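A.B. asks: The structure that follows is given in the form of structure tokens.
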Amino acid sequence: MARAKLAWADRPAAEFETSPAMSILVSVQRAGLPLRHDCGGKAQCGTCRVRLVSGRLSPMGERERLRLAAVSAGDGVRLACQARPGSDVELEAVMPLVRDSDAAQLKG
Ligand code: FES
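Note that my numbering gives residue 220 to position 77 of the sequence shown, counting from 1, and the numbers run on in steps of one.
Below, the structure is given as structure tokens:
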């Protein structure tokens, strides 16, 4: 097991258990925490992007590399649905939890 810490722009950071046997996204979901994953974890949307602040993640596969190139992700950005922890990790969610269209509806 490993420990992970995830920070969001729009809510306080949280710590949770993770494992090399599961993706960061699955670990987040098992901890009952939110993280956008609009394609359901199939490396097709890029909404689960996280920035690695510290620690190590699994090597990047081809599907992940292609998706990140398509969304012009910067250095240190990974797909939470594809990356698995290689150590304790500290991450930042790239996308806000609320979609822009949802936020506009909430504002009226
Ligand atoms: S959930 Fe869509 S790319 Fe990860």
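Ideal placement from N, C-alpha and C gives every residue a C-beta, glycine not left out. In this text the structure is predicted, and so the values were computed from the model without any measurement.
Is T102 near the ligand FES, in the sense that its beta carbon is under 7 Å from a heavy atom of that ligand?
C.D. replies: The structure shown does not extend to residue 102, since the chain spans only 144 to 251, so no value can be given for it.
A.B. asks: Grab me the residues of E235's own chain with a C-beta within less than 7 Å of its C-beta, minus the 5 sequence neighbours each way, in chain order.
C.D. replies: To locate residue 235, count along the sequence shown from 1; it is residue 92. The answer, listed in chain order, is A150, V193, R194, V196.
A.B. asks: Can you tell me whether R227 sits near the ligand FES, meaning its C-beta is under 7 Å from at least one heavy atom of the ligand?
C.D. replies: Here the question's residue 227 lines up with position 84 in the sequence shown. No, Cβ of R227 sits at least 7 Å from all heavy atoms of the ligand FES.
A.B. asks: Taking A145 and S162 to be in contact with their CB atoms under 8 Å, please state how far apart those CB atoms are, rounded to whole angstroms.
C.D. replies: Taking the first residue of the sequence shown as position 1, residue 145 is located at position 2. Taking the first residue of the sequence shown as position 1, residue 162 is located at position 19. That pair is a contact at about 6 Å.
A.B. asks: What residue range does the beta strand (DSSP E) around C150 cover?
C.D. replies: Residue numbering aside, residue 150 sits at position 7 when the sequence shown is read from its first letter. Here the sequence assigns Ala to residue 150, which means Cys is not the residue at that position. Element bounds for A150: 145-151.
A.B. asks: In three-state terms, what does DSSP make of S197?
C.D. replies: Here the question's residue 197 lines up with position 54 in the sequence shown. Strand at S197.
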